[in-house]
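Participant: Just so you know, the protein sequences line up as chains Z and F, in that order. Last residue of the first sequence? That's 374 in the numbering used here, and every number before it is there in order. Last residue of the second sequence? That's 169 in the numbering used here, and every number before it is there in order. Beta carbons are placed, not taken as given, at the ideal position from N, Cα and C, and that holds for glycine. Right, I'll just put the structure down here and ask away after.
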Amino acid sequence: MARSVRGGGRLDTGLVVACVVLAVFALVMPRRMRDSVSTALRSTILSPLVLLEMRASTVRAAIASRNDVLVARGRVVTDALSANAVADENVTLRRLLGLSARLRDGFVAAEIIPTRGVDDDFTLTLNVGTGVGVLPFSPVVMADGLVGMVQSADANTSFAITWAHPDFRVSAMSVNETAFGIVQPHLGTGAERWLLELRGVKFAAKLDTGTLIVSSGLGGTYPRGIPVGTVLGEIATPEKWARTYLLKPSVLPAAIGPVLVLLPQRATRGVNGVWTNLAAADSAARAIAAAGDSLARKAALDELIARRAALDSASGSGAPSDSVGVQPLMTPADSARADSVRRARSARPDSVRRVPTVPPAAPPRTGPPPAGAR
Amino acid sequence: MRGPPAASGAGSAFRAWVGFALLVAAHFGVRPLIGGRASVDFLVIAILFAAVRVRPGLAALLGFAAGIAIDALVPATFGAATLVLTCIAFGASWTKAVFFADHIALTGLFVFVGKWVFDAGYVLVGGGARGVDLVVQLILWSPLSAALTAAFAVLLLTALRPLYRPQAI
């Protein structure tokens with residue numbers, strides 16, 4: 001037994017000495033030799049462990065890069081959201097540019113200054129004031145239609161109420177002038193609070209859903225022809241001798257951005273033909289949008305030239321002269337107007353005939369489109 | 001009467017080798033996922049747990065093999081881990097009488113000292129660090145790593161007792 005233990009002890013000692021000698025030899029062996037030995041080990045008996053370690057390192061790298069991917073993805077989403085916001089703002093500004101081109105003069109562009117107050121939902125603080133001619137009761141408009149009215153103004157800022165303000169009133173009419181009334185906010189609850197109502201419409205005047213309601217010009221504050229809203233339907237009121245209609249505002253609250261303030265002389269002169277005229281009320285709003293778009297303008301110009309050529313050839317072949325009279329309603333900015341004019345001509349030839357018949361033979365232009373044809 | 005104990009001894013040895021293999025696999029498969037300067041050294045745990053179960057000569061061989069595996073992956077310090085792990089495994093097996101008791105805290109201390117000695121020896125023999133870096137490594141990162149390794153060893157011994165119970169292989 002004792003011999004066995006001594007033998008075992010000698011074996012242990014021998015093993016450990018051999019291992020230590022080999023380890024020291026590995027430590028001091030030349031670099032080239034240790035590289036070749038380690039390479040041989042890695043490629044043979046240690047290859048499964050090397051593979052395992054490599055996979056673990058790959059997984060760790062993937063986890064680390066996953067975080068980078070998430071961060072990058074978050075940045076892309078943020079950029080995309082801001083790009084959408086910029087695109088929306090661009091559309092709004094282009095439409096406002098179209099409106100400016102049709103108004104030509106007598107207005108000032110204004111930015112809305114963010115404020116914090118009780119009436120924030122119904123009032124706007126504008127960065128223009130009496131210094132540029134803005135006075136109380138000046139109409140505030142956008143490309144889509146009426147926004148509100150300046151209530152007070154100082155040298156550099158002015159305060160306007162929107163159509164949602166409880167004090168807001170505008171004399172309005174249907175675009176075909178069959179119904180007149182007063183538009184005021186619909187003082188309902190919830191989402192209905194952001195609607196308008198047209199009150200005091202004579203009982204005989206029945207309006208269809210979708211009818212455009214514009215300012216009538218009565219009262220002197222708002223010039224005739226600014227879109228106010230479209231009819232959603234009739235609502236029941238105690239007044240049995242008159243009708244009341246619910247309107248969807250032309251300018252939605254979320255869309256209120258940069259605005260134009262009409263100066264008093266422009267309001268007095270009127271804006272007929274800017275948003276609406278009696279012959280082409282619906283297409284005028286589209287014209288405003290298109291006027292700011294150079295591509296649309298170019299396309300409309302090309303179409304105008306083509307139509308003009310077709311009309312010239314038609315008149316040369318003995319076509320009725322009335323067909324030529326449609327032409328002045330088209331502007332380079334409004335290709336869509338021709339359709340509504342055609343519709344109007346077939347439905348109400350008298351109203352078309354009221355339009356001047358001979359257009360000036362304007363050469364193709366590349367600048368801003370002319371104001372609405374009258 | 002002698003059958004069941006022999007079978008039990010073979011089963012125990014098998015379980016011990018399985019535990020050893022798992023720790024070696026964890027060293028190469030899990031440790032790279034953790035990263036950091038202070039991390040759990042599964043290979044040292046495997047060597048220490050195995051060393052107290054085998055004769056010093058076999059323990060020295062295990063330490064030698066494990067050290068070669070480490071050195072083959074780090075050729076710059078080839079031989080350092082082999083030498084240090086051989087000595088640690090032999091020493092652990094030789095001093096197993098001190099830690100024969102199945103005591104968790106003693107085992108933790110045993111692993112802590114073993115890992116710290118391994119780190120210190122590896123750094124000193126391999127010559128990987130000098131000056132302030134060497135001091136920081138020896139008194140900050142090595143103890144931290146040793147503490148983590150010891151804590152994990154205690155956890156392992158508690159959770160997987162059948163695999164890592166100190167019995168002769």
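Can you give me the C-alpha to C-alpha distance between Leu-52 (chain Z) and Gly-29 (chain F), rounded to a whole angstrom?
Facilitator: Within the first sequence, residue 52 (chain Z) is the residue found at index 52, counting from 1. Within the second sequence, residue 29 (chain F) is the residue found at index 29, counting from 1. If I take the Cα positions, the gap works out to 5 Å.
Participant: Would you say Ile-182 (chain Z) and Gly-200 (chain Z) are within 7 Å of each other, going by their C-beta atoms?
Facilitator: Residue numbering aside, residue 182 (chain Z) sits at position 182 when the first sequence is read from its first letter. Residue numbering aside, residue 200 (chain Z) sits at position 200 when the first sequence is read from its first letter. Yes, they are a contact pair.
Participant: Quick check: the Cα distance between Ala-81 (chain F) and Val-37 (chain Z), rounded to an integer number of angstroms?
Facilitator: Numbered from 1 along the second sequence, position 81 holds the residue referred to as residue 81 (chain F). Numbered from 1 along the first sequence, position 37 holds the residue referred to as residue 37 (chain Z). Taking the straight line joining both Cα atoms gives about 15 Å.
Participant: Name the chain F residues whose beta carbon is nearer than 7 Å to that of Ala-23 (chain Z)?
Facilitator: As a first step, residue 23 (chain Z) must be located in the first sequence, where it is residue number 23. Correct list: Phe-64, Gly-67, Gly-79, Thr-82, Leu-83, Thr-86.
Participant: Between which two residues does the beta strand (DSSP E) carrying Pro-227 (chain Z) extend?
Facilitator: To locate residue 227 (chain Z), count along the first sequence from 1; it is residue 227. First-last of the beta strand (DSSP E) with Pro-227 (chain Z): 227–235.
Participant: Taking 7 Å as the CB-CB cut-off, is Gly-127 (chain F) touching chain Z?
Facilitator: Against the second sequence, residue 127 (chain F) aligns to sequence position 127. No - not a single Cβ of chain Z is within 7 Å of the one on Gly-127 (chain F).
Participant: The beta strand (DSSP E) that contains Arg-406 (chain Z), what's its start and end?
Facilitator: Residue 406 (chain Z) lies beyond the range of chain Z shown here (1 to 374); nothing can be said about it.
Participant: Are the CB atoms of Gly-79 (chain F) and Ala-23 (chain Z) within a distance shorter than 7 Å?
Facilitator: Indexing the first sequence from 1 puts residue 23 (chain Z) at position 23. Indexing the second sequence from 1 puts residue 79 (chain F) at position 79. Yes.
Participant: So, Val-274 (chain Z) versus Leu-146 (chain Z), is the Cβ gap smaller than 7 Å?
Facilitator: Counting from 1 along the first sequence, the entry for residue 274 (chain Z) is found at position 274. Counting from 1 along the first sequence, the entry for residue 146 (chain Z) is found at position 146. No. Outside cutoff.
Participant: Would you mind reading off the limits of the beta strand (DSSP E) that contains Met-29 (chain Z)?
Facilitator: Numbered from 1 along the first sequence, position 29 holds the residue referred to as residue 29 (chain Z). No beta strand (DSSP E) holds Met-29 (chain Z); DSSP gives it neither H nor E.
Participant: Output, in sequence order along the chain, the residues in the region 24–44 of chain Z whose CB is closer than 7 Å to any CB in chain F.
Facilitator: Val-24, Ala-26, Leu-27, Arg-34, Asp-35, Ser-38, Leu-41, Arg-42
Participant: Measuring CB to CB, does Leu-187 (chain Z) end up less than 7 Å from Leu-246 (chain Z)?
Facilitator: As a position in the first sequence, residue 187 (chain Z) is number 187, starting the count at 1. As a position in the first sequence, residue 246 (chain Z) is number 246, starting the count at 1. No, Cβ-Cβ distance for Leu-187 (chain Z) and Leu-246 (chain Z) is not below 7 Å.
Participant: Counting contacts by CB-CB distance shorter than 7 Å, is Val-44 (chain F) in contact with chain Z?
Facilitator: Sequence index remark: in the second sequence, residue 44 (chain F) carries index 44 (1-based). Taking Cβ atoms only, chain Z never reaches closer than 7 Å to Val-44 (chain F), which makes this a no.
Participant: What residues are listed by DSSP as bridge partners for Gln-184 (chain Z)?
Facilitator: Translated into positions along the first sequence, residue 184 (chain Z) becomes position 184. DSSP lists Z:Glu-197 as the beta-bridge partner residues of Gln-184 (chain Z).
Participant: Excluding five sequence neighbours on each side, which residues of the same chain lie with their C-beta closer than 7 Å to the C-beta of Val-117 (chain F)?
Facilitator: Position 117 of the second sequence, counted from the first residue, corresponds to residue 117 (chain F). Within the same chain, Val-117 (chain F) has close Cβ partners Ile-88.
Participant: Using a Cβ cut-off of 7 Å (strictly closer), state whether Ala-13 (chain F) contacts chain Z.
Facilitator: Residue 13 (chain F) sits at position 13 when you count from the first residue of the second sequence. No - not a single Cβ of chain Z is within 7 Å of the one on Ala-13 (chain F).
Participant: Whose C-beta lies closer than 6 Å to the C-beta of Ala-50 (chain F) among residues of the same chain, with five residues either side of it excluded?
Facilitator: The residue you call residue 50 (chain F) lines up with position 50 of the second sequence. Excluding residues within five positions, the ones whose Cβ falls inside 6 Å are Phe-20, Leu-62.
Participant: Below 6 Å CB to CB, which residues in the same chain sit around Leu-207 (chain Z) once its five sequence neighbours on both sides are set aside?
Facilitator: If you number the first sequence from 1, residue 207 (chain Z) lands on position 207. So the list reads Ser-174, Ala-179, Val-231, Tyr-245, once near-sequence residues are dropped.
Participant: Which residue marks the beginning of the alpha helix (DSSP H) containing Pro-238 (chain Z), and which one marks its end?
Facilitator: Position 238 of the first sequence holds residue 238 (chain Z). Unbroken run through Pro-238 (chain Z): none, as it is neither H nor E.
Participant: What is the residue span of the alpha helix (DSSP H) that Ala-72 (chain F) lies within?
Facilitator: Within the second sequence, numbered from 1, the residue matching residue 72 (chain F) stands at position 72. Note, Ala-72 (chain F): alpha helix (DSSP H), 56–73.
Participant: Of the residues that make up the region 13–42 of chain F, which ones have a beta carbon closer than 9 Å to any beta carbon in chain Z?
Facilitator: Those would be Val-24, Ala-25, His-27, Phe-28, Gly-29, Val-30, Arg-31, Pro-32, Leu-33, Ile-34, Gly-35, in chain order.
Participant: Kindly say whether Pro-143 (chain F), judged by its beta-carbon, lies nearer than 7 Å to any beta-carbon of chain A.
Facilitator: Of the chains in the structure shown, none is chain A; the protein chains are Z and F.
Participant: For Leu-33 (chain F), which option in Z:Val-59, Z:Gly-217, Z:Arg-169, Z:Ala-236 has the closest C-alpha, if you only look at C-alpha atoms?
Facilitator: Looking up residue 33 (chain F) in the second sequence gives position 33. It is Z:Val-59 whose Cα lies nearest to the Cα of Leu-33 (chain F).
Participant: Could you name the residues of the same chain whose beta carbon sits closer than 8 Å to that of Gly-316 (chain Z), not counting the 5 residues immediately before and after it, in chain order?
Facilitator: Along the first sequence, read from residue 1 onward, the residue named residue 316 (chain Z) stands at position 316. Any reading at Gly-316 (chain Z) must be qualified, since the residue scores a pLDDT of 47, below 50, and its modelled position is unreliable; the value itself is stated next. Excluding sequence neighbours, Gly-316 (chain Z) sits near nothing in its chain.
Participant: Leaving aside the five residues before and after Thr-13 (chain Z) along the sequence, list all residues of the same chain whose C-beta is less than 7 Å from its C-beta, in chain order.
Facilitator: For this step, residue 13 (chain Z) is matched to residue 13 along the first sequence. No residues qualify anywhere along the chain.
Participant: Kindly give me the distance between the Cβ atoms of Arg-224 (chain Z) and Gly-106 (chain Z), rounded to whole angstroms, as I take these residues to be in contact under 8 Å.
Facilitator: Here residue 224 (chain Z) is taken as the residue at index 224 of the first sequence, counted from 1. Here residue 106 (chain Z) is taken as the residue at index 106 of the first sequence, counted from 1. Wrong, their Cβ atoms sit about 15 Å apart, outside the cutoff.
Participant: Cα separation between Arg-102 (chain Z) and Leu-263 (chain Z)?
Facilitator: In the first sequence, counting from the first residue as 1, residue 102 (chain Z) sits at position 102. In the first sequence, counting from the first residue as 1, residue 263 (chain Z) sits at position 263. Approximately 15 Å between the Cα atoms of the pair.
Participant: Measuring straight from C-alpha to C-alpha, what distance separates Arg-10 (chain Z) and Val-17 (chain Z)?
Facilitator: Along the first sequence, one-based indexing puts residue 10 (chain Z) at 10. Along the first sequence, one-based indexing puts residue 17 (chain Z) at 17. If you take the alpha carbons of Arg-10 (chain Z) and Val-17 (chain Z), they lie about 10 Å apart.
Participant: Applying the 10 Å Cβ sphere with the 16-neighbour rule, what's the burial state of Met-54 (chain Z)?
Facilitator: Mapped onto the first sequence, residue 54 (chain Z) falls at position 54. Exposed, because fewer than 16 other Cβ atoms sit within 10 Å of the Cβ of Met-54 (chain Z).
Participant: Which same chain residues, not among the five before or five after Leu-134 (chain F), have their C-beta less than 7 Å away from its C-beta?
Facilitator: Here residue 134 (chain F) refers to the residue found at position 134 of the second sequence. Within the same chain, Leu-134 (chain F) has close Cβ partners Val-123.
Participant: Measure the C-alpha to C-alpha separation of Ala-16 (chain F) and Ala-120 (chain F) and round it to an integer number of angstroms.
Facilitator: As a working mapping, residue 16 (chain F) is identified with position 16 in the second sequence. As a working mapping, residue 120 (chain F) is identified with position 120 in the second sequence. Near 28 Å, if we compare the C-alpha coordinates of Ala-120 (chain F) and Ala-16 (chain F).
Participant: Give a yes or no on whether 7 Å exceeds the smallest Cβ distance from Gly-57 (chain F) to chain Z.
Facilitator: Working through the second sequence from its first residue, we reach residue 57 (chain F) at position 57. With 7 Å as the cut-off, Gly-57 (chain F) counts as an interface residue toward chain Z.
Participant: Whole-angstrom Cβ separation of Val-150 (chain Z) and Ser-158 (chain Z), contact assumed at under 8 Å?
Facilitator: Here residue 150 (chain Z) refers to the residue found at position 150 when the first sequence is read from its first residue. Here residue 158 (chain Z) refers to the residue found at position 158 when the first sequence is read from its first residue. Indeed, because the Cβ distance is near 5 Å, the residues count as touching under 8 Å.
Participant: Can you tell me the Cα-Cα spacing of Arg-31 (chain Z) and Ile-45 (chain F), whole angstroms?
Facilitator: Indexing the first sequence from 1 puts residue 31 (chain Z) at position 31. Indexing the second sequence from 1 puts residue 45 (chain F) at position 45. Straight-line Cα distance between these residues: approximately 30 Å.
Participant: For the region 71–92 of chain Z, list every residue whose C-beta sits within 7 Å of some C-beta in chain F, in sequence order.
Facilitator: none
Participant: With H, G and I counted as helix, E and B as strand and the rest as coil, what does DSSP make of Leu-153 (chain Z)?
Facilitator: As a first step, residue 153 (chain Z) must be located in the first sequence, where it is residue number 153. Note that residue 153 (chain Z) is Ala in the sequence shown here, rather than Leu. If DSSP states are grouped into helix, strand and coil, Ala-153 (chain Z) belongs with the strands.
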